[in-house]
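My numbering puts the sequence shown at residues 6 to 447.
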Amino acid sequence: MEGKDLQKLIHEIDSLKIEYEALLPMKPEDEERLWRKLRLEWNYNSNHIEGSTLTYGETYLLLIKEQIAGTHDLREIEEMRSHDIAISMVMQWAKEDNRQLTEADIRGLNELLLVRPFRKEAITPEGRPTTRLIVPGEYKKYPNHVLLPDGTRFEYATPEDVPALMNELINWYNNETEDLHPLTVAATFHYRLVRIHPFDDGNGRVARLLMNYHLMRKGYLPAIIKSSDKKGYLAALGQADAGMLEAFIAYVGKQLIWSYELAIRAAQGEEIEEKEDWKKQLELLKQKARAVGNETTPKTPELLEARLRDSIIPLFRELDAHLALFDELFLNKEINWFTGSSNPVNSEEELIAKSRDGQLAAVRYLARFTGYKYNGVHPFDMTVDVRVEFEEYFYTARLVNAGIRIPAKKYDTPFSEDEIEEFISKVGKYFTEFLEKATGGP
């Protein structure tokens, strides 16, 4: 018999279920966003409880966008994908009216979740560390007891007892649960499977999958155990170990209420993001930003000096070399560099020295060609004015005379040889055309 508090909780769940179903069918887009969120929450939380390091944002990118972000073991990626497939599998099972659950089904789920054999750290009965080969889908061959924080040992079923206990669990589920509320059956099945701990790994994930399989089979939504409340989850399991199974059933029931409240909001076309979901959204934004890798780099004295040496001074040297091709057309030429004052910079090292306080805002390359020699009594001048500007987060070079520029660069990125070459080519072409116009043609 169920206690009054549990009966009250079950009544609340069933009332929410009726309220939700009265809103069906919901709009396709609302149904899609509901099940996308349930799918993400289920995958992320169930794996995170077991130690997965994939964040919510990385889980979203992996399962929804099919993108891999972050640095994770291949096994973590594969197991998250396999868990997503397992969710689809149990959802399909739940639609099959005459289907009976079998031990082969349970072993198959474990095999799917764990992907392939691997070695795992373990402790021998004598307390010595060792490693053990984990074979997906096979019942354990060695004890998998665990040490509790207080130093005591919690003992699961022995390997010898597993086959009989699993057979007993399946028989109970298939033959003795029709008169029990689906919540009671789902939570009890979860608890009993975890208490047996039939596999070397993946027991919790299998238990949560089968718990939700039964709920969905009976027309309920899945209950999502949150990794953020792992302590509460384990405490409820601990209460069940102490003979208070209803405490664990109630714990699962509260997670089911969360699912229904979410679903009702979705069916009504309302926002289904939660108070803390902005953190997940921010985390996803961070993941995308890191994936792009275009991190802002502020101006520093060290970076200024580096860019002067590998970008700006080489650019000015190339200008010197190519503008020399115009020399024979003019009587005089004067080239100066300026950093803001009217006094020119006298050397490359002087320019670099001016950058070391981090305050350098611009460098100007000014080439003055005076007295064009081949225009009779109408000589004219030509000025090449190139300005390199150092903003807070980027730098760029442009020909002041025209709209010719090297695109803005972050301070950790120098001008490439191709960019300098293209800029010089455009400057040369611009002033060649200037001379053609000034002299009436080639």
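Just so you know, even glycine gets a beta-carbon here, dropped at the ideal spot from N, CA and C.
Query: By a C-beta neighbour count over all protein chains shown, 10 Å radius and 16 as the cutoff for buried, is Trp283 buried or exposed?; Result: exposed
Query: Whole angstroms is fine: what's the gap from Thr301's alpha carbon to Glu84's?; Result: 34 angstroms
Query: Run through DSSP, which three-state label would Leu336 get?; Result: strand
Query: Terminal residues of the continuous alpha helix (DSSP H) containing Gly224?; Result: No alpha helix (DSSP H) holds Gly224; DSSP gives it neither H nor E.
Query: Does the beta-carbon distance from Asn50 to Lys231 come in below 7 angstroms?; Result: yes
Query: Less than 7 angstroms between C-beta atoms, sequence neighbours within five positions excluded: which residues of the same chain meet that for Glu96?; Result: Checking the sequence shown, residue 96 turns out to be Met, not Glu. Taken in chain order, the residues that qualify are Met221.
Query: State the beta-bridge partners of Met387 as determined by DSSP.; Result: Phe374
Query: Can you list, in chain order, the residues of its chain whose CB lies under 6 angstroms from that of Pro500, leaving out five sequence neighbours each side?; Result: With the chain covering 6 to 447 only, the question about residue 500 has no answer from this structure.
Query: Kindly indicate which residue of Tyr61, Lys223, Asn103 and Val190 has the alpha-carbon position closest to the one of Trp47.; Result: Tyr61
Query: Alpha carbon to alpha carbon, how far is Arg158 from Ala255? Give it in angstroms, no decimals.; Result: 26 angstroms
Query: If you draw a straight line from the C-alpha of Phe367 to the C-alpha of Ile409, how long is it?; Result: First, the residue type needs correcting, since residue 367 is Ala and not Phe in the sequence shown. Distance between the alpha carbons of Ala367 and Ile409: 17 angstroms.
Query: Taking a contact to mean a Cβ-Cβ separation below 7 angstroms, would you say Val151 touches Pro122 in this structure?; Result: no
Query: Alpha carbons only, please: which of Thr189, Leu138, His186 and Ile201 is nearest the one belonging to Val167?; Result: Ile201
Query: Give me, in chain order, the residues of the same chain whose beta-carbon lies closer than 7 angstroms to that of Ser87; leave out the 5 immediate sequence neighbours on both sides.; Result: Leu117, Leu118 and Val120
Query: Here's the rule I'm using: 16 or more other beta-carbon atoms within 10 Å means buried, otherwise exposed. How should Met6 be labelled?; Result: Residue placement at Met6 is poorly supported in this model, since its pLDDT is 44, which falls under 50; the coordinates still yield a value, given next. With fewer than 16 Cβ atoms within 10 Å of its Cβ, Met6 is classed as exposed.
Query: Just curious, the alpha helix (DSSP H) that Arg137 is in, first and last residue?; Result: Run containing Arg137: none in the alpha helix (DSSP H); it sits in the beta strand (DSSP E), Pro134 to Ile139.
Query: Measure the C-alpha to C-alpha separation of Glu108 and Leu290 and round it to an integer number of angstroms.; Result: 42 angstroms
Query: Between which two residues does the beta strand (DSSP E) harbouring Pro412 extend?; Result: Ile409 to Lys414
Query: Could you say which of Leu356, Gly433 and Thr193 lies nearest to Ala311 if we only look at CA atoms?; Result: Leu356
Query: With 7 angstroms set as the bound, which would you pick, yes or no: does the beta-carbon of Gln12 sit closer than that to a beta-carbon of chain B?; Result: No chain B appears in the structure shown, which is made up of a single protein chain.
Query: Quick check on Ala443: does DSSP put it in helix, strand or coil?; Result: helix
Query: Just checking my contact of Ala272 with Arg38 at CB under 8 angstroms: how many whole Å lie between their CB atoms?; Result: 11 angstroms between Cβ atoms; not a contact.
Query: As an exercise, report each continuous beta strand (DSSP E) stretch of at least 3 residues that is fully enclosed by the stretch 89-128, in chain order.; Result: 123-128
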